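S.K.: Every letter in the sequence shown is one number past the one before it in my numbering, and letter 303, counting from 1, is 311.
Before I ask anything, let me first share the structure, which is written out below as structure tokens.
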Amino acid sequence: MLSNEEQIEYVTGKGMWHTKDLNGKKTPIHLADGPHGLRAQEEGKLFNNDSRVATCFPTASAAACSFDEKLIARMAKAIAKEAKEQGVSIVLGPGINIKRSPLCGRNFEYFSEDPLLAGSLATSYVKAIQEEGVGASLKHFAGNSQETHRMTMNAQIDERALREIYLSAFEKCVKEAKPATIMASYNRLNGEHSCQNKHLLGDILRGEWGYEGCVISDWGACVDLPACVEAGMDLEMPDSLGNHKPAMRQALEQGSLSQQALERAVAKISKLVEDYPPAVEKGRSEDHHALAKTISRESAVLLKNDGILPIENHTKLLVLGELAEHIRIQGGGSSHIQTKPYPNLLDVLKEHDIDFVYARGYDAKGTAYSRKLEREVQTFARRARDEDRIILFCGGLTDFAEGEGYDRESFSMPDNQKRLLEQLCQTNSKIIFLSFGGSPYDMSVIDCVNAVLQMYLGGEAAAEAAVELLLGMENPCGKLAETWPLCAEDTPCYENFGRRAPQIDDVEYRESIYVGYRYYDTFHVPVRFPFGYGLSYTTFTYDNLEVAAGEKNQFDISCDITNQGTRAGKEIVQLYVKNPGGNFLRAAHELRGFCKLALAPGESKRVHFHLDEQAFQVFDVETKRFQCVSGSYEICIGASLADFRLYDIVEVQGIDYTLDQREDLPDYFPKAGQSFAPSRESFVKLFGQTLSHFTTPKPGEYSMKNSIRQLQHTSWQAKGLFILAHVLLRLLTLGRSWKDPEIMMMVEGICDGNIDSVINQSGGLLSYRKVFQIVEKANRNGGKYDE
């Protein structure tokens, strides 16, 4: 039996990565970063990239394009085996936040803009990793769809969008896979930090969904520990160095923290330790590099091909672009994997005896154009024409464009790459673009090239996978798990996202349910590539659709898929439901099923789908539950959202909405020729709550939840702390560029993270008592710090 003091001690982690042992009364376990590989660190390491060697699999943005639940499960099992070798009990992943904007710096860690796809892949991942005896931590719960001011921002999401889009994937995974832990996110959600959001953690997660696992904080997200535990959070990570103990004692004495809530948290942590005990099992993991290559191959998306691909082995190439030599395989931040040496594109081409010459072309560490590199490329391009060489241009987003802790500043392809490629298009007629990056970007250059193969961030075997696809040894079969818009301005959240938002911390999700393809499709906005799109070296036909109605709005659907080409290939068959028209907000089409088939030339297979009531439901704000809406729904089966091949109509029985939002919310029903631009007034009506004002706190409102940047304008002491933090960081990172993703993440964390987290992770350099007093003086209260 633990004393109250021991229970208070137990709800906070030890160091960065472990739970506490309470002087031998409890067994500590190790939690380590994921999700596309194991990032296990020793305690006391300062930098993310200083971790143990592990296999780097394709990131979620790549793997999602496989639409392959079984393949995701194989990756999760491999990560679990490596975790067991390292004595890791919990892997922090997968991340299933919805891709609200392509400018989110952490999108490479997330699966999709669609909650069904994200939830299905996450469910497969969690089940598989936990079958191997390693716990998963489903993250980031919830509404963490931007990195700008991620620790202080408030995601203001109306209830239908919250339930149908942003919580839907979590709900599916929680109910079907039962993840060992849920990681509560940094941000506020509708006015309350996720870690202490009782509606989110208590009412929805534990109440409605019946979650019985352990809720942990994102690292540094917990500031008010008593309020967090009372709301439903169990474990604060990392170690807060005893700084939260006084508040815990006081809350128990005053009754704002119940004994029952504290005991619940202790019980959840204890159960977690019992279910996933530390156990180092050497020799469990084989070489997972081959699996990483398979996943990368299955996830690559062929975006354009005029017949130039696949190229034959005897073809001569001019390889251009620094990303061929320094291939980008992953993103920056807490998911950065320390890998064994892996081959770049040039190494792999040599292994296949391809006749090629190489020119660097551009500097991947910047965007400035180089005259020297330009002249070199011009020389090589002339020779390529004379020697009939195909140009293989390797480009896309570089390490400095996207990463955890900050959002992208631009949707553009780096200027030096774009200018170089445009010049090549004017002089050379055979160009293949091999694209890398964690998110969509402006690919207007596609019009002047012959083929585009998008690798996303394909893990340590990305180069090998790319060459096998280019040479036709394997057939591309990936399809886009997100829409590629023409430009950032076309995204529905453009004016209310990241640094462009008029309210930096108060982020209004004005687009509501119209996220990703639900917006572009419903409002007929042209895109570069639609959701679900991807080409192959073969062709597939769809025939013989059958729809059989069952009880309670259930339908069994089947059709035949035939490979009519001369190459073996895989087709991702997608089922969408076209919703009936109405006077309330609803997307035109929604993904309701998908299936991946392997077909030999001439082979046919029958695909089967089952739809239940969930396929036709919306969240009814009045009754606070999902309801089927009566009407005629169209079943649409095809190769992408823009390529339906088979159709049928089904009748669904449910409630009849008499709600007419066209009158109250005209901005959400724009007339022909009118753009979709919901005003604040319209959003307030839809949101139904008072909007927040966290961006501009006033003296008297400051707390340890604010950032140093926010306080520096009111307090000269806070200004000094801001300067001191920069000086210390500069000293710690001497010789490294402040454009390095790891350094950028640290800068953003110190400047814009909550003050509490900065102190607790300062290694004792900052005194909690003194900084607390600075905050109180900023409030002009001269407050006291309780021992």
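Note that the Cβ used here is the ideal one computed from N, Cα and C, for glycine as well.
Only a predicted model underlies this, so the values are computations on that prediction, with no experimental measurement involved.
Could you work out which residue in Thr27, Phe55 and Cys112 is closest to serine 69 when comparing CA atoms only?
M.R.: Cys112
S.K.: If you follow the alpha helix (DSSP H) that glutamate 13 is part of, which residue opens it and which one closes it?
M.R.: 12-18
S.K.: What residue from Leu673, Ile80, Gly221 and Gly445 has the CA that sits closest to isoleucine 337's CA?
M.R.: Gly445
S.K.: Just to confirm the assignment: which complete beta strand (DSSP E) runs, minimum length 3, are found wholly within the region 570-594?
M.R.: 577-586
S.K.: Checking 8 Å against the spacing of the C-beta atoms, do threonine 189 and serine 145 come in under that value?
M.R.: yes
S.K.: What residues in its chain sit with their C-beta under 8 Å from that of leucine 30, if we drop five residues either side in the sequence?
M.R.: Leu10, Glu14, Glu17 and Tyr18
S.K.: Identify whether alanine 608 lies in helix, strand or coil by the three-state DSSP scheme.
M.R.: Residue state for alanine 608 is assigned as coil, using DSSP reduced to three classes.
S.K.: For phenylalanine 652, list the residues DSSP reports as bridge partners.
M.R.: Per the DSSP secondary-structure output, phenylalanine 652 pairs in a beta bridge with Gly646.
S.K.: Closer than 6 Å by C-beta to alanine 126: which residues in its own chain qualify, once you throw out the five before and the five after it? Chain order, please.
M.R.: Ile104, Phe119, Ser120 and Ala177
S.K.: Going by DSSP, name the residue or residues bridged to arginine 633.
M.R.: Asp628
S.K.: Within a Cβ cutoff of 6 Å, which residues of the same chain sit near asparagine 787, ignoring the five residues on either side of it in sequence?
M.R.: Pro707, Gly708 and Tyr710
S.K.: What are the residues that DSSP puts in a beta bridge with tyrosine 194?
M.R.: Its beta-bridge partners do not exist; DSSP assigns none.
S.K.: Do you know how far the Cα of serine 420 is from the Cα of lysine 438?
M.R.: 24 Å
S.K.: Where do the N-terminal and C-terminal ends of the beta strand (DSSP E) with isoleucine 104 fall, by residue?
M.R.: It is not in any beta strand (DSSP E) - isoleucine 104 carries neither H nor E in the DSSP assignment.
S.K.: Which word fits arginine 600, buried or exposed, when buried means at least 16 other C-beta atoms lie within 10 angstroms of its C-beta?
M.R.: Residue environment analysis places arginine 600 among the buried positions, since at least 16 neighbouring C-beta atoms fall within 10 angstroms of its C-beta.
S.K.: Among Gly215, Ala647, Asp211 and Met256, which has the Cα closest to the Cα of proline 234?
M.R.: Met256
S.K.: Please classify alanine 470 as buried or exposed, where buried requires at least 16 other C-beta atoms within 10 Å of its C-beta.
M.R.: The residue in question, alanine 470, is buried, as its Cβ has 16 or more Cβ neighbours within 10 Å.
S.K.: Residues in its own chain within less than 6 Å of serine 109 by CB, not counting five upstream and five downstream?
M.R.: Thr499, Cys501 and Phe505
S.K.: Given this structure, state the Cα-to-Cα distance separating proline 349 from asparagine 483, to the nearest angstrom.
M.R.: 27 Å
S.K.: Count the CB pairs spanning the region 131-151 and the region 84-104 that are closer than 8 Å, and state whether there are at least three.
M.R.: They touch, by the three-pair rule.
S.K.: Take cysteine 456 and list the residues in its own chain whose beta-carbon comes closer than 6 Å to its own, dropping the five residues that flank it on each side.
M.R.: If we look at cysteine 456 and ignore the five residues flanking it on each side, its Cβ neighbours are Cys433.
S.K.: Whole angstroms is fine: what's the gap from phenylalanine 677's alpha carbon to glutamine 462's?
M.R.: 35 Å
S.K.: Assign tyrosine 793 to one of three DSSP states: helix, strand, or coil.
M.R.: Unreliable placement is indicated for tyrosine 793, whose pLDDT of 43 sits below 50; the coordinate value is still reported in the next sentence. Three-state result, tyrosine 793: coil.
S.K.: In this structure, what does DSSP give as the bridge partners for valine 555?
M.R.: Ile565
S.K.: Can you tell which of Val223, Ala596 and Gly486 has its C-alpha closest to the C-alpha of phenylalanine 75?
M.R.: Gly486
S.K.: If we call anything under 8 Å between Cβ atoms a contact, is tyrosine 528 one with glycine 480?
M.R.: no
S.K.: Got a sec, what are the start and stop residues for the alpha helix (DSSP H) alanine 86 sits in?
M.R.: 77-93
S.K.: Report buried or exposed for isoleucine 663, applying the criterion of at least 16 other Cβ atoms within 10 angstroms of its Cβ.
M.R.: exposed
S.K.: Alpha carbon to alpha carbon, how far is glutamine 781 from leucine 732? Give it in angstroms, no decimals.
M.R.: 17 Å
S.K.: Less than 8 Å between the beta carbons of threonine 5 and asparagine 762, yes or no?
M.R.: Only positions 9 to 795 of the chain appear in the structure, and residue 5 is not among them; the question remains open.
S.K.: Buried or exposed, going by whether 16 or more other CB atoms sit within 10 Å of the CB of lysine 312?
M.R.: So lysine 312 counts as buried.
S.K.: Counting pairs of beta carbons, one from the region 384-398 and one from the region 347-362, are three or more of them closer than 8 Å?
M.R.: no
S.K.: Leucine 740 to valine 629, Cα distance in whole Å?
M.R.: 51 Å
S.K.: For the beta strand (DSSP E) that contains arginine 796, what are its first and last residues?
M.R.: Only positions 9 to 795 of the chain appear in this structure, which leaves residue 796 out of reach.
S.K.: Confirm the yes/no value for this check: CB of aspartate 396, any heavy atom of the ligand FAD, distance under 7 Å.
M.R.: The ligand content of the structure shown is nil, which means the ligand FAD is not present either.
S.K.: Identify every residue that forms a DSSP beta bridge with proline 493.
M.R.: Val535
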